[in-house]
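Trainee: Dropping a structure here in structure tokens format, bear with me for questions.
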Amino acid sequence: MSEENVVYIGNKPVMNYVLAVVTQMNSGVPEVMLKARGRAISRAVDVAEIVRNRFMTDLEVGSIDICTEEMTSREGSNSNVSAIEIQLCKTN
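Going by the UniProt record's numbering, the sequence shown opens with residue 1, and the numbers climb by one from there.
If you want it as structure tokens, here you go:
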């Protein structure tokens, strides 16, 4: 999967990410990957559900991958951060 098919979820409003996913799908991309870490995980799930239920009902969840990433802070200490990847695919 190329880097253009990935939407990184952060602190922006949910509808900004919904618009990004719908725009990519309408441009002919067959699948989009949502990626989020930490507190943005719930926002990524919201984006996937809003896109599937309100805007593009022909999408389905392809795969969901969860993992833990080790982050190093500016002070040098390490902490574990949860991460999620949600794949949205067009159905034929």
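Built from N, CA and C at the ideal position, the CB exists for glycine as well.
1) Using the beta-carbon count (16 or more within 10 Å), is residue 111 buried or exposed?
2) From the beta carbon of Ile9, is the nearest beta carbon of chain D less than 8 Å away?
3) May I ask you to list the residues that DSSP assigns as paired with Leu34?
4) Please classify Asn16: does DSSP put it in a helix, a strand, or coil?
5) Considering only DSSP beta bridges, list what Met71 is partnered with.
Mentor: In this structure, then:
1) Nothing about residue 111 can be reported from this structure: the residues present for the chain run from 1 to 92 only.
2) As a matter of chain content, chain D is missing from the structure shown, which is built from one protein chain.
3) For this step, residue 34 is matched to residue 34 along the sequence shown. Paired residues: Val7, Ile86.
4) Reading the sequence shown from its first residue, position 16 is the one you call residue 16. DSSP places Asn16 in helix when its eight states are reduced to three.
5) Within the sequence shown, the letter at position 71 stands for residue 71. Paired residues: Ser79.
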